[in-house]
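Numbering (this note's numbering), first residue to last: 20 to 528. Cβ coordinates follow ideal geometry from the N, Cα and C atoms, glycine included. Bear in mind the structure is a predicted one, so any value in this text is a computation, not a measurement.
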């Protein structure tokens, strides 16, 4: 390949070239002898014997006898040019084959679906066309490590965020980044999309779905943990992988700030544990209408499939500790934390003092994702890849999704960890499916709450989304109106009380 490139460059730059094959033969003979002898002294001896040392230094010696005087024929230049053309064509053909092979798509893959047949799941599968939806990535992006690194490598769309600092009950501060660009006008009842990035990441990591969500009519906001995403740390406490306390307060604030709009959440990687724990602890009282988890880990994050990703996460967490060392020094032994180079031991030395857990086993129970029976009340979509280098596919709870009416698991053979890029230029297949799923669930809920008859007023039971509607007769219209007024007044008073109990200060950047 290098020889082809050399000849093609020489032929293009200098045009017809007369090559002295005698010199080439001698040089090849000298190199062969030098390789056989293996010493510089023997090379010099052979150069002296053949009397062509001047040729290798750039000045050809006239005393060197020609091996073949017929090499000066004009046919040599023509043959050389023809050889250059042939080698150039072979070189270009090889490059085109390589490029075409890297850009062609891998055979289309039909994702596997795991769910229990229900009215909601059937509607979502048909609406999102999951039975016909394929994931087809190019060979260049089929590697699982490349898929995992693409969110960091690919250029980000231009998205402008307006940061809002929200103070928690314990005086801690979390940051909410509201998308203010990419949309000219937001509808009054536009759905809210809450995006939860992985641990140590911020809004820049999830800018793709923020851009896509705003284009499709969502009001997007990114949740940043304490001290993460460029935010401040006002208390000596960092949020663990699956602690939903701050997320619960943030969701409560968002629903009170934008009243009457449906709220959905999308989480990535280690951020999925927090979302699952929130639903598991809140259950039917959750404010979310739908949730999506991309590459979630169904066990406590202790060790990944590839040690390199453990090291990367460990270094990111250490940088986070060093950044807030002044605030954490009163609780943590910084030297002990920084001297640990194993992720499980590091998590124990970091989060045990912060959460007051005397043993790592109690900490594991505290940070383990909650997947109780209450978590089935909110529709859930999980997207996993069998080649995930971080989360082991052996822990995928297939039976759990097949026994819940509002849960859906989509599994692909490729995709890496939080990757799932396909087409050219690369686009996120998982982001598109997530937005389609949320819109399908919202449409299902709106259809379920429509009036089938003018003589009936339906209302949806609060036990689980997507359940059967309950109706009241027309004779109860007057009582319903009175009760609705009373409930509105109670809601207003409740809102005022919640706002008083909420942080007295909300900071804007």
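Name the DSSP beta bridge partners of residue i, please?
{"i": "residue 154", "result": "128"}
{"i": "residue 181", "result": "197"}
{"i": "residue 441", "result": "446"}
{"i": "residue 311", "result": "285, 400"}
{"i": "residue 166", "result": "DSSP lists no partner for residue 166."}
{"i": "residue 192", "result": "186"}
{"i": "residue 8", "result": "Outside the displayed range of the chain (20 to 528) lies residue 8, so it cannot be described from this structure."}
Could you give the residue range of the alpha helix (DSSP H) that holds residue i?
{"i": "residue 459", "result": "448-467"}
{"i": "residue 209", "result": "Counting along the chain, residue 209 falls outside any alpha helix (DSSP H), and DSSP gives it neither H nor E."}
{"i": "residue 546", "result": "Residue 546 falls outside the range modelled here, since the chain spans only 20 to 528, and no answer is possible."}
{"i": "residue 149", "result": "Run containing residue 149: none; DSSP gives neither H nor E here."}
{"i": "residue 218", "result": "Segment: none, residue 218 is in no alpha helix (DSSP H) and carries neither H nor E."}
{"i": "residue 538", "result": "The first residue shown for the chain is 20 and the last is 528, placing residue 538 beyond what the model contains."}
{"i": "residue 227", "result": "226-234"}
{"i": "residue 340", "result": "326-342"}
{"i": "residue 242", "result": "No alpha helix (DSSP H) contains residue 242, which is instead part of the beta strand (DSSP E) from 238-243."}
{"i": "residue 427", "result": "Careful: residue 427 lies outside any alpha helix (DSSP H), inside the beta strand (DSSP E) at 426-431."}
{"i": "residue 176", "result": "It is not in any alpha helix (DSSP H) - residue 176 carries neither H nor E in the DSSP assignment."}
{"i": "residue 361", "result": "No alpha helix (DSSP H) holds residue 361; DSSP gives it neither H nor E."}
{"i": "residue 291", "result": "290-301"}
Using alpha carbons as the reference points, say which of the options lies closest to residue i.
{"i": "residue 456", "options": "232, 265, 258", "result": "232"}
{"i": "residue 197", "options": "188, 190, 213", "result": "213"}
{"i": "residue 429", "options": "106, 104, 144", "result": "144"}
{"i": "residue 224", "options": "177, 425, 155, 401", "result": "177"}
{"i": "residue 445", "options": "159, 148, 153", "result": "159"}
{"i": "residue 191", "options": "371, 347, 463, 466", "result": "347"}
{"i": "residue 300", "options": "137, 268, 328", "result": "268"}
{"i": "residue 238", "options": "139, 207, 358, 167", "result": "207"}
{"i": "residue 261", "options": "432, 466, 249, 374", "result": "374"}
{"i": "residue 247", "options": "331, 215, 359", "result": "215"}
{"i": "residue 245", "options": "345, 427, 146, 266", "result": "266"}
{"i": "residue 411", "options": "328, 306, 350", "result": "328"}
{"i": "residue 270", "options": "211, 101, 339", "result": "211"}
{"i": "residue 318", "options": "308, 413, 279, 235", "result": "413"}
{"i": "residue 174", "options": "189, 142, 230, 209", "result": "230"}
{"i": "residue 408", "options": "427, 399, 433", "result": "433"}
{"i": "residue 462", "options": "103, 222, 284, 142", "result": "142"}
{"i": "residue 306", "options": "275, 400, 340", "result": "275"}
{"i": "residue 131", "options": "137, 220, 149, 334", "result": "149"}
For residue i, report the span of its beta strand (DSSP E) as first-last.
{"i": "residue 404", "result": "399-404"}
{"i": "residue 316", "result": "Residue 316 -> no beta strand (DSSP E), and no H or E assigned at all."}
{"i": "residue 259", "result": "Element bounds for residue 259: n/a, residue is neither H nor E."}
Is the distance from the Cβ of residue i to the Cβ of residue j below 8 Å?
{"i": "residue 135", "j": "residue 423", "result": "yes"}
{"i": "residue 368", "j": "residue 355", "result": "yes"}
{"i": "residue 425", "j": "residue 415", "result": "no"}
{"i": "residue 133", "j": "residue 439", "result": "no"}
{"i": "residue 447", "j": "residue 227", "result": "yes"}
{"i": "residue 153", "j": "residue 195", "result": "no"}
{"i": "residue 155", "j": "residue 127", "result": "yes"}
{"i": "residue 200", "j": "residue 443", "result": "no"}
{"i": "residue 353", "j": "residue 449", "result": "no"}
{"i": "residue 281", "j": "residue 308", "result": "yes"}
{"i": "residue 399", "j": "residue 272", "result": "no"}
Contact criterion: CB-CB distance below 8 Å. Does residue i meet it with respect to chain D?
{"i": "residue 363", "result": "Here chain D cannot be found, since the structure has a single protein chain."}
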